[in-house]
Amino acid sequence: MPLLRSLGYRARAKLVPGGKYYGEVGDSRLKVQAGVLSWGADYPSPWNFFFLLSCRSFVPHTGRNPNFSEFCDRRIDRQITRARALVASDPALATSLWTRIDHEVVDQAPVVPLVNPKAVDFLSRRIGNYQFDPQWYLLLDQLWVR
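Residues in the sequence shown are numbered consecutively from 92, following this note's numbering.
Right, here's the structure in full:
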């Protein structure tokens with residue numbers, strides 16, 4: 092808080108009980124400026140992340156709003172729709188569009204990541220059939236031990 096005050100912000104903290112947190116932080120009527128949230132993909136797809144930063148996910152004036160940042164850029168939404176439609180027919184073009192979307196969203200900074208976890212696996216020479224999945228990480232059921 093002292094840092095924010097030194098930058099000219101009149102910040103104050105409010106402790107929100109865990110059971111009320113998501114309803115209050117997401118409610119645009121309460122004008123919450125910042126909060127802490129963790130997010131991990133349900134499945135490995137750019138859409139899985141960007142949907143929560145789309146106009147379609149923003150539900151104003153309610154505690155049932157998953158788009159906490161209230162981010163809504165209709166131009167980016169159109170790009171998201173196009174990229175999602177191209178995934179099956181032209182994956183290279185879809186990837187290019189997702190990359191552009193990522194850069195544009197990051198430039199607007201509706202969210203500020205504090206942590207981006209990495210996975211590190213240490214293996215013995217006795218381990219075989221090591222497989223890594225970008226969502227589930229080390230696939231333990233695929234390993235064998237000599």
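Virtual Cβ for every residue (Gly too), placed ideally from N, Cα, C.
Check, Outcome
"Leaving aside the five residues before and after residue 202 along the sequence, list all residues of the same chain whose C-beta is less than 6 Å from its C-beta, in chain order.", "160"
"To test your reading of the DSSP string, which unbroken alpha helix (DSSP H) runs of 4 or more residues are found completely within the stretch 171–233?", "182–199"
"Here's the rule I'm using: 16 or more other beta-carbon atoms within 10 Å means buried, otherwise exposed. How should residue 135 be labelled?", "exposed"
"Are the stretch 139–158 and the stretch 112–128 in contact at 8 Å, needing three or more beta carbon pairs?", "yes"
"By DSSP, does residue 235 sit in helix, in strand, or in coil?", "strand"
"Which stretch, first to last residue, makes up the alpha helix (DSSP H) that contains residue 97?", "93–97"
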